[in-house]
Amino acid sequence: AAPRWLALGRMANADDATLNGTAVVIVLDSEHEARIGLGRSWLHGALGANETHVSDILLRRLRVDANAGQHVELSIDLINLYQTTAGLGSAGGGGGGDSGNVA
């Protein structure tokens, strides 16, 4: 088994925050999944530091080009994510964010 967690996030173009959209963030351990053979049809390599996979439709909405090293801002409710990963369900609360290159 390989645990995965879902969180809602908000992604925005780093140069123009008015270009934004909602993202479903999937937190997973890709090295563990590769070791157990999960996702064998996944053709993408491992992500580097500050990289993420983003859907084509969200990239278009943000006016960001794929694989161009552009930056986006990603905000995630970290309290909700912590409660979800700890098995405590969900609740409202604080927030936080990080940004990364588009992979």
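Position one of the sequence shown corresponds to residue 1233 (our numbering), numbered consecutively onward. From the three backbone atoms N, C-alpha and C, an ideal C-beta is built for every residue, glycine too.
For residue i, the three-state DSSP class (helix, strand or coil)
i: ASN1245; result: strand
i: HIS1264; result: helix
i: LEU1310; result: helix
First and last residue of the uninterrupted alpha helix (DSSP H) at residue i
i: LEU1294; result: 1288 to 1294
Proximity to residue i [Cα-Cα], best of the options
i: VAL1296; options: THR1317, ALA1239, SER1273 and ALA1246; result: ALA1246
i: ARG1293; options: GLY1253, ALA1233 and ASP1309; result: GLY1253
i: SER1287; options: GLY1271, LEU1306, GLY1277 and ALA1298; result: ALA1298
i: ALA1249; options: SER1262, SER1307 and THR1317; result: SER1307
i: ALA1234; options: ASP1261, ARG1272 and GLN1302; result: ASP1261
i: GLY1301; options: GLY1280, THR1317 and GLY1241; result: GLY1280
Heavy atom of the ligand FMN within 8 Å of residue i beta-carbon
i: ALA1246; result: In terms of ligand content, the structure shown is empty, and the ligand FMN therefore cannot be addressed.
Counted within 10 angstroms of its Cβ, other Cβ atoms place residue i as buried (16 or more) or exposed
i: GLY1321; result: Legend: pLDDT at GLY1321 = 49, less than 50; position of this residue unreliable, value from coordinates given subsequently. GLY1321 comes out exposed.
i: LEU1275; result: exposed
Item to complete: For the region 1299 to 1314 and the region 1243 to 1262, state whether three or more C-beta atom pairs, one from each stretch, are separated by less than 8 Å.
Response: The region 1243 to 1262 and the region 1299 to 1314 touch, with three or more beta-carbon pairs separated by less than 8 Å.
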